[in-house]
Amino acid sequence: MPATKGSAGKNGSKDNARQGEGTALVIVESPAKAKTIAGYLGRGYVVESSIGHIRDMPTKAAEIPAKYKGQAWARLGVDVDGDFEPLYVVNTDKKAHVKKLKELMAEADELLLATDEDREGEAIAWHLLQELKPKIPVRRMVFNEITKDAIRRAADNTRDLNTRLVTAQETRRILDRLYGYEVSPVLWKKVMPKLSAGRVQSVATRLVVERERERIAFTPAEYWDLKAVFDASGSGAPDGAGTFPAGLMSVDGRRVAVGRDFTSRGTLRSDRDVHHMDEQTARELAGRLDGAAFAVSSVERKPYRRSPYAPFRTTTMQQEASRKLGLSSKQAMQVAQRLYENGYITYMRTDSTTLSDSAVSASRDQVRRLYGGDYLPDKPRVYAKKVKNAQEAHEAIRPAGDTFRTPAETGLNGPEFRLYELIWKRTVASQMKDAAGESVTVRIEGTSSADEVAEFTATGKVITFHGFLKAYVEGSDDPAADLDDRERRLPSMEEGAPLKAENLEAEGHATRPPARYTEATLVKELEEREIGRPSTYASIIGTILDRGYVFKKGTALVPSFLAFAVVQLLERHFGNLVDYEFTARLEDVLDDIARGEAESLPWLRRFYFGGQTSGGESEVGLKELVGDQLSDIDPKEISSLPVPGTDILLRVGRYGPYLDRDGERVNVPEDLAPDELTKDKAEELFAQPSGDRELGTDPETGRTIVAKTGRFGPYITEVLEEPAEGGTKPKGKAKVKPRTSSLFKSMDLDTVTLEDALRLLSLPRVVGEVDGEEVTAQNGRFGPYLKKGTDSRSLETEEQIFSITPEQAKELFDKPKQRGRRAAVPPLRELGQDPASGAKMVIKDGRFGPYVTDGEVNASLRKGDEVDSLGDLRAAELLAERRAKAPAKKKAPAKKSTTTKSTAAKGTAAKKTTTKKSTAKKAPAKKTGEPRSSSQKTDES
DNA sequence: CAGTGAGCGAGCTTCCGCTTGACTT
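Each step along the first sequence adds one to the number in full-length UniProt numbering, with nothing skipped, and position 860 is 860.
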């Protein structure tokens, strides 16, 4: 479609000016990239960035355009009953930017969408197309390395938009929205508000929880072996030097047990025929070998070879930055971002280990200069793609440019310097020769005084050519592990040479539970399971930390008890969704869609509404799981965890975790690691003093009065009996309830006095008789009130509880109960007329904060609205929104569950939808596998 | 997690992936 563009660059001229007049607007994703590319393209091109995605489904109610507010599906942003059509709005923070792009486009004669060549990039391009509505020719421009040649080639070889790829992205987006926005509310209802669930975060949380479960179930095993130090100097070795350590391998040909021979339950694996030694066996054997003669029984030499590690991608960089620089995932990404923006490194969010040709030659150039030609392989090394679902839109993370700056040449310092150095070394090393050397295994035999043949082994490693290890050695997550460049030298020995055991000792070991995840190892695990993307790894950690699903203990990620409850709920009721294979299967489907071999709709339908799987099994859809089957989820059950070996239950309550033993309860510190909650720990918690404040003794009863914090806030209560010292609980439960009372609002837990407390405990106060019935005054759930039989009246102030007279009480009871809010409270502010109703609008203060009303309709002020500055227009808008939404007026008498309510609501809304839609939609029968365009729901703003 | 007697104007929380500033503490 577009005219041919200048085939510039052949003569090496710096300018790649387009032929003819006019300019092309090139849109990439990142501003830093735009800057670089602008330099490569030269005149005739204007390069701007989209700054990531420009549109998405509305995040919250405030972002839903008014005309969709009444729709049942508006909350989801996906019209689930209308072929899962998504509703897109321009992100609030992108409105100005989109306007700018439109203005730039007005001056261009061609639009080149140069977003990344992956699923998300293709989608960004499509959204740009939808939003900018260009009238000039549009082409898709793609490249996956940012070098002058690659960019110029890309500008000359554009293609059309790949709509199948866009559909695949949209399917992914819709699925994630449905999962997140349907399952999270289940957690709000069953566990705690503000929690969240999602395809990625829930699996990440589950991984951490499962690891903790393994730790809880773990029983260590003890095993012993022998460690010897042999002296080879009498063996005729030329240097005569040396002693070396060796470990006992077998006794009478039977291998000595090591850690991996044991199960996590502390038992020996049944398939192992090994010699398991305890302390006594080991010590006695050591005794019998004392003074025995030893000799070398075999020497085995093998060549050692090690190839360099692939250049960094996001996850490997995060891991090494964690191991070597102590940076969290987030910190590593922030430092990398700064390096990227200032032109020191290539893009840091990538799943590719590929180097561009120019990067390869830059690396080789550095190798030659810094290490010499001996370290340079004949051919450049190519790294195969490591990651299964890699989309490879970018290069590996490497120093930027066609020639690399050494760390010293950059002038950087601090973490930027250290991370650059890491990246630089890793990149250069990736183009160096293998390390080579020799590994040696020596076996040594000796016979004990009881004629047992004990065989020891020692291993050595000698590196004769360091190759890439000269530049870079990868760190390890296990601090005890040997790094790749670690040498262990053994004296040279011949078979049959006699050895003297200098030292021979029994050594005890215990198996260890699997280590907790760190940020870096969790990210690694997620990548291996194809969960999450380079741009999100750091924020996944952030999310599960924010939600309180995990907390950090040093670098370890420890799951909270809350996480156990949430994971328990998801596993039992949404098993498919937290299946580790779920995302991997999703990726397959998305790939099929992208290739045009599968359709999006049937798949989404089955996910949401249920149906037959390809295997012919029937599957319950998400809609039913969060709807009709909601009542199957027992909050009590999913929030309970047994404390191993006890009849104590750990329960996750709205106010944190607590222990429950037959109704006796005690708080559990929020930062207690679940694997530390043993029987002993639980007993200790029950025994602990609760930390209540003692106010003194009630002179009348002699009981101690304490102030504590409870479910309903601060309160005081009396202590009925001294806790029996070390004794058992009193069995005969002739329970006398202690008197309790909430503090008045005017009181404070820290300052409340014994006098206050006694007054509170004296309640309810008998005010007197009214109409022949006794009236009492007390404090309750809704504040101070009077009670007369079954009738009641609220009081104005707490003090009235003590001061009100029978006469005043009678007056209150003579008046009917106040209905609605108290009359005659002046409005906070008066506004103008509501154009819709013609009534005067006022702002009032209510139970839920300020709201605007025209006398008929009430609407709360939203976030960002202020009483003082609210204008008439905004007020009218709020009222209009409220009207649009509510059937409000007369509600059917509230049935039992939320399910029935939502079904009813959906019924009416669905009707509206169909009438509206029949005009707007229907006609353009959607082509399968094509993204929606003509009937797109958008926020025309 | 202490324990009691209204009637009412709710609204909001949340997902995953792309990307940076512009704000305030």
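All C-beta atoms, glycine included, are put in the ideal place defined by N, C-alpha and C.
From a predicted model like this one, the values you see are computed outputs, not experimental measurements.
Item to complete: Leaving aside the five residues before and after residue 725 along the sequence, list all residues of the same chain whose C-beta is less than 6 Å from its C-beta, in chain order.
Response: Because residue 725 carries a pLDDT of 43, less than 50, the predicted location of this residue cannot be relied on, and no value is offered for it.
Worksheet item: Would DSSP call residue 576 helix, strand or coil?
Response: helix
Worksheet entry | Per-residue burial, residue 779 [other beta carbons within 10 Å of its own, 16 or more giving buried] | buried
Fill in: CA-to-CA distance, residue 203 to residue 580, given in whole angstroms
7 Å
Worksheet item: Quick one: what does DSSP say residue 650 is sitting in, helix, strand or coil?
Response: strand
Practice prompt. Return helix, strand or coil for residue 739, following the three-state DSSP convention.
Written response: coil
Worksheet item: Can you tell me the Cα-Cα spacing of residue 666 and residue 640, whole angstroms?
Response: 14 Å
Worksheet item: Between which two residues does the beta strand (DSSP E) harbouring residue 287 extend?
Response: Per DSSP, residue 287 belongs to no beta strand (DSSP E); it is in the alpha helix (DSSP H), 279–289.
Discussion item. Could you give the first and the last residue of the continuous alpha helix (DSSP H) run that contains residue 814?
Written reply: 806–814
Practice prompt. Reducing DSSP to helix, strand and coil, say where residue 917 ends up.
Written response: Confidence is the limiting factor: at residue 917 the pLDDT is only 34, short of 50, which leaves the residue's position unreliable, though a coordinate-based value still follows. In this structure, residue 917 counts as helix in the three-state DSSP scheme.
Practice prompt. List the whole-angstrom C-beta distance separating residue 34 from residue 48, where the pair is believed to meet the contact cut-off of C-beta under 8 Å.
Written response: 6 Å
Practice prompt. Within its chain, find whatever has a CB closer than 8 Å to the CB of residue 805; leave out the 5 residues flanking it on each side and keep chain order.
Written response: 767 and 768
Practice prompt. With DSSP collapsed to three states, give me the class of residue 353.
Written response: coil
Discussion item. Can you tell me where the alpha helix (DSSP H) holding residue 608 begins and where it ends?
Written reply: 600–609
Practice prompt. Leaving aside the five residues before and after residue 671 along the sequence, list all residues of the same chain whose C-beta is less than 7 Å from its C-beta, in chain order.
Written response: 551
Worksheet item: CA-CA distance, residue 524 and residue 319?
Response: 8 Å
Discussion item. Just to confirm the assignment, what range does the beta strand (DSSP E) spanning residue 53 have?
Written reply: Careful: residue 53 lies outside any beta strand (DSSP E) and carries neither H nor E.
Worksheet item: Which first and last residues belong to the alpha helix (DSSP H) in which residue 758 is found?
Response: 754–761
Worksheet item: According to DSSP, what are the bridge partners of residue 774?
Response: 769
Practice prompt. Let me know the secondary structure DSSP gives residue 79 once reduced to three states.
Written response: strand
Item to complete: Quick one: grab the DSSP three-state call for residue 200.
Response: coil
Practice prompt. Work out the CA separation of residue 658 and residue 309 for me, nearest whole Å.
Written response: 48 Å
Discussion item. DSSP has residue 716 in a bridge; who is on the other side?
Written reply: 707 and 741
Discussion item. Quick check: residue 27 and residue 113, are their CB atoms within less than 8 Å of each other?
Written reply: yes
Worksheet entry | Counted within 10 angstroms of its Cβ, other Cβ atoms place residue 188 as buried (16 or more) or exposed | exposed
Discussion item. Please identify the residue among 107, 745, 879 and 181 whose C-alpha is closest to the C-alpha of residue 798.
Written reply: 745
Practice prompt. Determine which residues share a DSSP beta bridge with residue 224 and list them.
Written response: 277 and 508
Worksheet entry | Bridge-paired residues (DSSP) for residue 300 | 441
Discussion item. DSSP has residue 251 in a bridge; who is on the other side?
Written reply: 254 and 454
Item to complete: Ignore the nearest five residues each way along the sequence and tell me which others in residue 709's own chain have a CB closer than 7 Å to its CB.
Response: 749
Discussion item. Suppose you measure from the CA of residue 902 to the CA of residue 57; what does that come to, to the nearest Å?
Written reply: The predicted model places residue 902 with a pLDDT of 32, which falls under 50 and marks its position as unreliable; any figure quoted below should be read in that light. One C-alpha to the other measures close to 22 Å.
Practice prompt. Check whether the segment 287–298 touches the segment 441–458, taking contact to mean three or more Cβ pairs, one atom from each stretch, closer than 8 Å.
Written response: yes
Discussion item. Please list the terminal residues of the continuous alpha helix (DSSP H) segment that includes residue 537.
Written reply: 537–546
Fill in: C-alpha distance - residue 341 paired with residue 560, whole-angstrom precision
37 Å
Worksheet entry | Residues sharing a beta bridge with residue 859, DSSP | 852
Worksheet item: With DSSP run on the structure shown, which of helix, strand or coil describes residue 374?
Response: helix
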